[in-house]
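Reading through the structure tokens given below for one structure.
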Amino acid sequence: MNNELATLSWPAVEKRISQKTIIIPVGSTEQHGPNGLIGTDHLIAGALAKALGDETGILVAPTMAYGMSHHHLAFPGTASLRPETLIMMTTDIISSFARNGFSRFFFVNGHGGNVSSMSAAFSQILTDSPNLRIQLASWWLLPEVTAREKEVFGSENGFHATCGEVAVTWYLFPQAQTPIAPGVAPDPKTEWPVGPERFRMLYPDGRMGSNPALSTGEIGAELFAIAKAALVTKLSDFLKMDQSGV
Ligand SMILES: [Zn+2]
Numbered sequence: 023m024n025n026e027l028a029t030l031s032w033p034a035v036e037k038r039i040s041q042k043t044i045i046i047p048v049g050s051t052e053q054h055g056p057n058g059l060i061g062t063d064h065l066i067a068g069a070l071a072k073a074l075g076d077e078t079g080i081l082v083a084p085t086m087a088y089g090m091s092h093h094h095l096a097f098p099g100t101a102s103l104r105p106e107t108l109i110m111m112t113t114d115i116i117s118s119f120a121r122n123g124f125s126r127f128f129f130v131n132g133h134g135g136n137v138s139s140m141s142a143a144f145s146q147i148l149t150d151s152p153n154l155r156i157q158l159a160s161w162w163l164l165p166e167v168t169a170r171e172k173e174v175f176g177s178e179n180g181f182h183a184t185c186g187e188v189a190v191t192w193y194l195f196p197q198a199q200t201p202i203a204p205g206v207a208p209d210p211k212t213e214w215p216v217g218p219e220r221f222r223m224l225y226p227d228g229r230m231g232s233n234p235a236l237s238t239g240e241i242g243a244e245l246f247a248i249a250k251a252a253l254v255t256k257l258s259d260f261l262k263m264d265q266s267g268v
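Structural data, given as structure tokens:
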């Protein structure tokens, strides 16, 4: 069954509104270090959401490919939404789908910078529309993923342009693999948040404490499968909780 909203007609979508649930991938368009892909966060979120839809038969909305990435703006290729823009975009997308009849929103998130703005949007939406239910699942924070990353990469996984996310892109886009000299990027941990110019001064090549020379497509495939399985469980728990009326 095709679960991708973008390639369905409206009558086909209408037949599936009784499902109530829609999966929405969200990421960013931002630098990911000297050999990481600009689209890393939205490409991974989109691929995981598609896999989740295929596994569960739930509709998947088009990916929100831009996010709140202000701190990366000093690097070419980064395009960022202001926090208020992301709040409004999230609100408008949810309220549009809610008007269609969807009431359960499962976001697959690929970017940490989105969390505060999206959570702010959710707080308001859930206050205004108490019948809606929302779950934000950030794939790299799933305990199953972090446990395996720790085993494979240790502390060299880092915090941005991580070994794990670079590895998953090598699995999804093997033709885009670019080697990088081994070495852990600086992670001065002096302050957070920082503005774009300060970020580039503190993290000159865009990575934060990572050594993506350790990334391989094979490990990426494994992490993708772990994340997908964990998301299937998380979505199922989310919908079960709904049935229990809690
Ligand atoms: Zn990322």
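The sequence shown begins at 23 in the working numbering and counts up one residue at a time. Ideal Cβ placement from N, Cα and C applies to all residues, glycine included. Since the structure is predicted, the reported quantities are computational estimates derived from the model, not experimental observations.
Just the Cα atoms here: how many angstroms apart are residue 189 and residue 58?
-> In the sequence shown, the residue the question calls residue 189 occupies position 167. In the sequence shown, the residue the question calls residue 58 occupies position 36. Approximately 9 Å, taken between the alpha carbons.
Under 7 Å from any heavy atom of ligand 1, does the C-beta of residue 62 make it?
-> As a position in the sequence shown, residue 62 is number 40, starting the count at 1. Residue 62: yes, Cβ under 7 Å from ligand 1.
Any non-hydrogen atom of ligand 1 within 7 Å of residue 228 CB = To locate residue 228, count along the sequence shown from 1; it is residue 206. Because no heavy atom of ligand 1 lies under 7 Å away, the Cβ of residue 228 does not count as near it: no.
Look at the alpha carbon of residue 212 and the alpha carbon of residue 222, and state the distance between them as a whole number of angstroms.
-> Along the sequence shown, one-based indexing puts residue 212 at 190. Along the sequence shown, one-based indexing puts residue 222 at 200. Whole-angstrom Cα-Cα distance: 14 Å.
Can residue 51 and residue 64 be called in contact, C-beta distance under 8 Å?
-> Position 29 of the sequence shown holds residue 51. Position 42 of the sequence shown holds residue 64. In contact: residue 51 and residue 64 (Cβ atoms closer than 8 Å).
State whether the stretch 164-176 contacts the stretch 241-255, with contact taken as three or more CB pairs (one from each stretch) at a distance under 8 Å.
-> yes
Where does residue 102 land, buried or exposed, given buried means 16+ other C-beta within 10 angstroms?
-> As a working mapping, residue 102 is identified with position 80 in the sequence shown. It counts as buried.
In angstroms with no decimal places, state the Cα-to-Cα distance between residue 155 and residue 240.
-> Position 133 of the sequence shown, counted from the first residue, corresponds to residue 155. Position 218 of the sequence shown, counted from the first residue, corresponds to residue 240. Those two C-alpha atoms are separated by around 36 Å.
Simplified DSSP assignment, three categories, for residue 270 = Nothing can be reported for residue 270: it is not among the residues displayed for the chain, which extend from 23 to 268.
Going along the chain, which residues of its own chain have a beta-carbon closer than 8 Å to the beta-carbon of residue 198, five neighbours each way excluded?
-> As a first step, residue 198 must be located in the sequence shown, where it is residue number 176. For residue 198, where only same-chain residues beyond five positions count, the Cβ hits under 8 Å are 59, 191 and 192.
With distances taken from CA atoms, which of 31, 186 and 87 is nearest residue 230?
-> The count along the sequence shown starts at 1 and reaches residue 230 at position 208. Answer by Cα proximity: 186.
Please report the Cβ distance between residue 232 and residue 184, rounded to the nearest whole angstrom; I am assuming they are in contact, meaning their Cβ atoms lie under 8 Å.
-> As a working mapping, residue 232 is identified with position 210 in the sequence shown. As a working mapping, residue 184 is identified with position 162 in the sequence shown. Correct: roughly 5 Å between the Cβ atoms.
How many Å lie between residue 121 and residue 242 at the Cα?
-> Here residue 121 refers to the residue found at position 99 of the sequence shown. Here residue 242 refers to the residue found at position 220 of the sequence shown. In a straight line, the C-alpha of residue 121 is about 38 Å away from that of residue 242.
Please confirm whether any heavy atom of ligand 1 lies closer than 7 Å to the CB of residue 132.
-> Taking the first residue of the sequence shown as 1, we reach residue 132 at position 110. Under cutoff, so the answer is yes.
Flag this pair as yes or no: are the beta carbons of residue 44 and residue 86 separated by less than 8 Å?
-> Against the sequence shown, residue 44 aligns to sequence position 22. Against the sequence shown, residue 86 aligns to sequence position 64. In this structure, residue 86 does not lie closer than 8 Å to residue 44 by Cβ.
How should residue 108 be labelled, buried or exposed, when 16 other C-beta atoms within 10 angstroms of its C-beta is the threshold for buried?
-> Here residue 108 corresponds to residue number 86 of the sequence shown, with the count starting at 1. It counts as buried.
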